[in-house]
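Just below is one structure, and these are the notes that go with it.
Below, the structure is given as structure tokens:
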């Protein structure tokens with residue numbers, strides 16, 4: 007082959023070679039695109055469960071937020087009161103009387119008992135022996151007829167002394183402990199049902215006890231607290247909820 011012939015075929019071969027390379031690149035590009043689309047489909051299938059779970063959780067979160075802001079629904083015949091567990095039985099209460107009169111003699115005649123925790127004459131249904139015993143075991147409580155602690159009142163004579171005196175003097179520590187054990191007594195009534203007196207159930211007295219405990223620093227032995235005898239009314243717990 008002479009030089010002129012070789013010169014003619016060289017550009018032709020070069021053009022064929024370049025066209026072949028171009029077609030290879032196009033095929034490779036299409037193949038890469040198909041592989042990318044396949045990977046996207048695989049990722050979507052693999053993450054589909056996670057996306058669904060996220061959507062469900064989002065919906066549940068919105069529902070909970072709406073319910074929280076709306077507040078609990080209370081039917082007209084069911085008060086918003088903490089409900090006891092199903093295994094706890096309501097204690098039935100049938101009061102023969104709901105008061106102890108207005109004097110020591112009358113309270114004794116009516117069969118009431120003196121409650122050293124609350125300094126109250128109580129009908130049997132409102133007398134909490136368990137909490138009273140715990141309170142008496144919590145300290146060596148002493149009572150005096152004066153604020154200087156000169157004349158002590160024996161425990162056995164306390165009820166009769168309060169029948170003669172307007173009040174006795176107790177320490178600030180007694181006052182604080184009295185408040186704490188009254189709250190214990192209240193919780194027990196709410197848990198088991200039964201009856202509660204209107205001194206224990208009074209919100210005003212709960213506020214008073216809170217202030218007493220907050221202002222108790224350095225006053226444990228102070229005798230300026232006067233404890234009068236009271237004659238509260240006793241009511242079944244269902245009547246407190248009415």
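Residue numbers (the numbering used here): 7 to 248. Idealized CB from N, CA, C, for every residue including glycine.
Status (buried if at least 16 other CB within 10 Å, exposed otherwise) for residue i
i: residue 232; result: exposed
i: residue 137; result: buried
i: residue 186; result: exposed
i: residue 200; result: buried
i: residue 188; result: buried
i: residue 139; result: exposed
i: residue 123; result: buried
i: residue 162; result: exposed
i: residue 115; result: exposed
i: residue 113; result: buried
Reduced DSSP category for residue i - H, G, I as helix; E, B as strand; rest coil
i: residue 143; result: helix
i: residue 209; result: helix
i: residue 121; result: strand
i: residue 106; result: coil
i: residue 200; result: coil
i: residue 242; result: strand
i: residue 134; result: coil
Whole-Å CB distance - residue i paired with residue j, under 8 Å assumed
i: residue 183; j: residue 133; result: Rounded, the Cβ-Cβ distance is 19 Å, inconsistent with contact.
i: residue 211; j: residue 205; result: 6 Å
i: residue 242; j: residue 101; result: 7 Å
i: residue 180; j: residue 147; result: 5 Å
Contacts around residue i, its chain only, beta-carbon distance under 8 Å, and the 5 residues preceding and following it disregarded
i: residue 169; result: 109, 110, 111 and 235
i: residue 174; result: 149, 150, 151, 159, 164, 167, 168, 232 and 233
i: residue 3; result: Residue 3 falls outside the range modelled here, since the chain spans only 7 to 248, and no answer is possible.
i: residue 125; result: 168, 233, 234, 235 and 236
Sequence-distant residues of its chain with Cβ nearer than 7 Å to residue i (five each side left out)
i: residue 216; result: none
i: residue 190; result: 137
i: residue 157; result: 150 and 151
i: residue 107; result: 113, 116 and 237
i: residue 118; result: 106, 127, 128 and 129
Contacts around residue i, its chain only, beta-carbon distance under 6 Å, and the 5 residues preceding and following it disregarded
i: residue 104; result: 239 and 240
ask   = Mind pulling the beta strand (DSSP E) runs of 3 or more residues that sit fully within the stretch 139-183?
value = Within the stretch 139-183, the beta strand (DSSP E) runs of at least 3 residues that lie entirely inside it are, in chain order, 173-176.
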